[in-house]
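Take a look at the structure below.
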Amino acid sequence: MFLTGLVALAYAEGDAAAFFISGTVTLIVGSATYVSTRFDDEVTIREGFAIVTMAWVTTAAFGSLPYIFSGVVDSPMPALFESMSGFTTTGATVFADIEALPHGILLWRSVTHWIGGMGIIVLVIAILPYLGIGGMQLFRVEVSGPAPERLRPRITQTAKLLWLVYFGMTAVITLLYLIGGMSFFDAINHSFSTVATGGFSTKNTSFAEMSSYIQWVTIIFMYIGGVNYALHFRAV
-18 MFLTGLVALA YAEGDAAAFF ISGTVTLIVG SATYVSTRFD DEVTIREGFA
32 IVTMAWVTTA AFGSLPYIFS GVVDSPMPAL FESMSGFTTT GATVFADIEA
82 LPHGILLWRS VTHWIGGMGI IVLVIAILPY LGIGGMQLFR VEVSGPAPER
132 LRPRITQTAK LLWLVYFGMT AVITLLYLIG GMSFFDAINH SFSTVATGGF
182 STKNTSFAEM SSYIQWVTII FMYIGGVNYA LHFRAV
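Residue numbers are given in the numbering used here: position 157 of the sequence shown equals residue 138, and the series is strictly consecutive.
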């Protein structure tokens, strides 16, 4: 949220404060929750299901704050819908005129896609060692496919490597979009959407107005992005 706030400041748009307020609220609530519920034991499979479910719900709730505070929606429900659509990479939107939205909001929509594309829990697991919490059961619940223990002895190493692959794919897609004539802002946004196999765009007509080159790049990398990331891990 703070990074998107800086982007909004760079474009001198009025929604910058909404991101800083949202980020501050999220940071305070998250820190308070961590301090009050910290534990050292390994998470059980039942607790894993509960944590994963609550993580997706609460992430969508806090992700809706920038839409609410910026005033681009009239009520909390459309904001929650947009946020949930982003994090689940559904791609449905409540906005009729995408191009009228501020740059900060456009980037935030794409960021929710990008985070949700790999999985919120996989991101959390990557930082769990710094919090003193075990993450194997969360990984079992969140990630389908080959058994996690077969990927790597330490589950946090697996999560970090998966995110490294994700970063790399995002960078490659961004470069290919730039070669195809996209602006840097549009290339970043659409690379986030592509690698996450989502549907958010900075244009009202989405990829319909893009060149055939860009459309083929999108098709190829959406296919790759749709493959189970455990298989990407094995390929690496």
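Where is the CB? At the ideal position from N, CA and C, for every residue including glycine.
- Around the C-beta of residue -17, fewer than 16 other C-beta atoms lie within 10 Å, and the residue is accordingly described as exposed.
- Between residue -15 and residue 0, the C-beta gap is smaller than 7 Å, which places the two residues in contact.
- Around the beta carbon of residue 197, fewer than 16 other beta carbons lie within 10 angstroms, which makes this residue exposed.
- Residue state for residue 15 is assigned as helix, using DSSP reduced to three classes.
- 82 is the residue among 205, 82, 71 and 143 whose C-alpha sits nearest the C-alpha of residue -11.
- Annotation for residue -12: the continuous alpha helix (DSSP H) segment containing it runs -17 to -9.
- Residue 38 carries a helical assignment under DSSP once its states are collapsed to helix, strand and coil.
- Restricting attention to 186, 190 and 200, the CA atom closest to the CA of residue 77 is found in 186.
- Cα atoms of residue 207 and residue 201: separation of roughly 10 Å, rounded to the nearest angstrom.
- Taking each of 147, 52, 80 and 96 in turn and checking the Cα distance to residue 71, the smallest one comes out for 96.
- If you check the CB distance, residue 41 and residue 58 do not come in under 7 Å.
- Under the DSSP assignment, residue 192 falls outside any alpha helix (DSSP H); it carries neither an H nor an E label.
- The alpha carbon of residue 63 has as its nearest neighbour, out of 75, 204 and 52, the alpha carbon of 75.
- Contact between the segment 36 to 51 and the segment 138 to 155 is absent: fewer than 3 CB-CB pairs across the two stretches fall below 8 Å.
- No Cβ-Cβ contact shorter than 7 Å links residue 166 with residue 94.
- Counted as a single uninterrupted DSSP element, the alpha helix (DSSP H) harbouring residue 167 occupies residues 165 to 176.
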